[in-house]
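Note that the working numbering has the sequence shown beginning at 14, numbered continuously upward. The C-beta atom is built at its ideal place from N, Cα and C for all residues, glycine as well.
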Amino acid sequence: MKFAAYLFFIVLLLGTYSCDVRKRDKIATGPAAVNMPLIKDSTTVQIIDSSYNFGKVTDGEIVEYNFRFKNTGTHPLIIVNTAASCGCTVPEKPDQPVLPGETGFIKVKFDSHNRVGQAHKTIAVTSNANPPFTDLVLTGEVVAANP
């Protein structure tokens, strides 16, 4: 009987401790909160190219495109992260902040290898723009290579 009481006491202490640890954890609200550094000044952005249709390409070709945007606000535009909907699409964000009035680019490379059919890829952009960037869209068709 004493063993059961000790076991119950230990389980109770462990349960209490684990609840306390969870209360002290910082809460993140979505992926942007994890990657977003402390940026107190937001800015506005004009997306010049929000979508690009590359037409038809042959299986195995690499499609490259630069999506353009302009910082229309009064503070530097900081692109924190870019993420594509598929591993076959790789976005590259600007390394430096885009100053007010300047135009910036997000370069995207799409590898069509083994992607025969319709392609619809989206690129999410995390920044200090308010309102936030809309998703950038890359579309087209990949046709099989002739044997």
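Here A157 has D72 and V129 as same chain residues with Cβ atoms under 7 Å from its own Cβ, once five neighbours each way along the sequence are excluded. By the Cβ neighbour-count rule, N159 is exposed, with fewer than 16 other Cβ atoms within 10 Å of its own. If you draw a 10 Å sphere on the C-beta of N66, you find fewer than 16 other C-beta atoms in it, and that means exposed.
Going by DSSP, F82 is part of the beta strand (DSSP E) stretching over I75 to N84. Collapsing the DSSP output to three states places P104 in a strand. Between I92 and K106, the C-beta spacing is below 8 Å. CA-CA distance, T56 to N143, rounds to 6 Å.
For the pair T135 and I61, the Cα-to-Cα distance works out to about 16 Å. Distance between N94 and T87, taken at the CA atoms: about 21 Å.
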